[in-house]
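Residue numbers (my numbering): 71 to 345. Here is the structure we will look at, set down as structure tokens.
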């Protein structure tokens, strides 16, 4: 009965809008954790992401953190992460000041950008038989370092090519007579998010594998808690030994926040060494 309930929960999570994803990625992370006392621990790790259907590396990150276990089922955490993010080329329609009259397209070239991120967590866990229900609230602050890229502007749409003798620039199935390139500055900015995560895991008797499912949503604190992204994860942790852990999971990310700007399926692989 318990296994049936777990399977039902996983299927329910996995069915949330996954058909709408437009990308596939591979996420990997490597971490080490050291228990200083029974209550305090420190950790450090690096992570890599390949997305755009595995064509591009889109993230290189490194972070450190501190954890405090207040009780058996309540803990707190804080961390800092440096991120080197790759932003894919982006095409957006451009409109006149009235906001409705189409005038062309703006195409930004792909570029790398550095980010500094701080997080503060409160986590809880409630055992129910062999199940454990987990809850995590995370405040996330991200500072974007200023950078720049090249922008190409397509203007003056040609509605009838018959008899046209001038230059023609085609994008998005539409034709334009003007194309201009300029430097586009990406100014420094800050983003604040509240990331809430709910999870369910199951302790299989006499088994080193612990299956789990989580659902997470990100609310933009700068825009009245607007829901910007949802993420579901279905996976399992393999306790190889007391010190070595391997985590394998499927992730579906839907929406845009300061992590990514598209819907994405991803295979996540993580390794942690505890000492």
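Ideal Cβ positions, reconstructed from N, Cα and C, are used throughout, including at glycine. Note that the structure is predicted; figures quoted are calculated from it, not measured.
Nearest candidate by alpha-carbon position, reference residue i, set the options
i	options	result
residue 214	243, 269, 257 and 317	257
residue 196	152, 268 and 321	268
residue 187	150, 117 and 204	150
residue 126	94, 137, 261 and 326	94
residue 242	119, 234 and 223	223
residue 289	301, 308 and 263	263
residue 133	160, 185, 178 and 121	185
residue 333	281, 300 and 167	300
Per-residue burial, residue i [other beta carbons within 10 Å of its own, 16 or more giving buried]
i	result
residue 360	Given a span of 71 to 345 for the chain in the structure shown, any question on residue 360 remains unanswerable.
residue 165	exposed
residue 275	exposed
residue 210	buried
residue 80	Interpretation of residue 80 is limited by its pLDDT of 46, a score under 50 that renders its predicted location unreliable; the figure taken from the coordinates is listed afterwards. The residue is buried, with at least 16 neighbouring Cβ atoms inside 10 Å.
residue 236	exposed
residue 107	exposed
residue 97	buried
residue 216	exposed
residue 109	exposed
residue 305	buried
residue 212	buried
residue 261	buried
residue 161	exposed
Per-residue DSSP class, three states only, for residue i
i	result
residue 291	helix
residue 275	coil
residue 109	coil
residue 169	coil
residue 184	strand
residue 143	coil
residue 136	strand
residue 311	coil
residue 329	coil
C-alpha distance - residue i paired with residue j, whole-angstrom precision
i	j	result
residue 201	residue 143	14 angstroms
residue 170	residue 163	11 angstroms
residue 174	residue 329	28 angstroms
residue 249	residue 183	26 angstroms
residue 103	residue 112	6 angstroms
residue 32	residue 157	This structure does not reach residue 32, given that the chain is present from 71 up to 345, and the question cannot be answered.
residue 146	residue 180	37 angstroms
residue 227	residue 246	4 angstroms
residue 346	residue 259	Within the shown structure, residues of the chain are numbered from 71 to 345, placing residue 346 beyond reach of any answer.
residue 285	residue 138	24 angstroms
residue 341	residue 192	23 angstroms
residue 208	residue 194	12 angstroms
residue 20	residue 344	Absent from the model: residue 20. The displayed extent of the chain is 71 to 345, so no value can be given.
residue 72	residue 115	With a pLDDT of 45 at residue 72, under the threshold of 50, the predicted position of this residue should be treated as unreliable, and no value is reported.
residue 251	residue 152	31 angstroms
residue 189	residue 135	9 angstroms
Residue i - partner residues in DSSP beta bridges
i	result
residue 349	Past the boundaries of the shown model lies residue 349; the chain is included only from 71 to 345, so the question cannot be answered.
residue 101	115 and 342
residue 235	In DSSP, residue 235 forms no bridge with anything.
residue 300	287 and 324
residue 225	174 and 248
residue 256	217
residue 129	119 and 155
residue 96	120 and 337
residue 243	DSSP, once it has assigned bridges, lists no residue as partnering residue 243.
residue 317	307 and 340
residue 199	Residue 199 is not bridged to any residue.
Any non-hydrogen atom of the ligand MN closer than 8 angstroms to residue i Cβ
i	result
residue 339	Ligands in the displayed structure: none, and consequently the ligand MN is not present.
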